[in-house]
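One structure is given here, and the rest of the page talks about it.
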Amino acid sequence: MTGSPHLDPRLIAVVAVGGAVGTAARWALTQTVGTSSSGWPTATFVENLLGSLLLGALLEVLLRRGQESRRGQVIRLGAGTGVLGGFTTFSSLAIEMERLLADGQVTLALVYGGLSVVLGLLACVAGVAVAARHHRWRHERLPLPDEAP
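Start counting the sequence shown at 404; every next residue gets the next number (the numbering used here).
Printed below as a string of structure tokens:
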């Protein structure tokens, strides 16, 4: 892999297409989930937590494959930066906190922001743990080359 990946038009296209897919998925989830009657931004909260979980799992899987190949780079950029970058949204979190604050719901805004950050980090760690456990389980089930029938 020579050259700067951020200047490669093919990789930029992979991120752009992934971002469009992630953004469409976020829009669909937002339409399905919406906001609770208390003003809690449920859709964004779910999107960010789910995205954090999936990003942790994706990066763990890619890390366990060893040194990044061209295919791994395309997967990381397309699925991670593109799809999950489009699916999660810090800007919506910030706007929703601002709206809650403007509506005088200071406690709800602070709880929402704090839980989003803390649970997002925990969701990412959980994604890493699940992917690592799956990796160990899968390799425990596979016969070693000298054990094959």
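For glycine and all other residues, C-beta sits at the position ideal for the given N, C-alpha and C.
Item	Value
Alpha carbon of proline 408 to alpha carbon of glutamate 450, nearest angstrom	28 Å
Neighbour-count burial assignment, arginine 429, 16 or more Cβ in a 10 Å radius	buried
Chain-order list of residues whose beta-carbon lies under 8 Å from that of glutamine 508 (same chain, five-residue window excluded)	Gly442
Alanine 482 versus aspartate 506 - alpha carbon distance	36 Å
Nearest to valine 533 (by Cα), restricted to the options Leu457, Gly425, Ser495 and Arg544	Leu457
Own chain, CB closer than 8 Å to alanine 419, minus 5 neighbours either side, in chain order	Gly485
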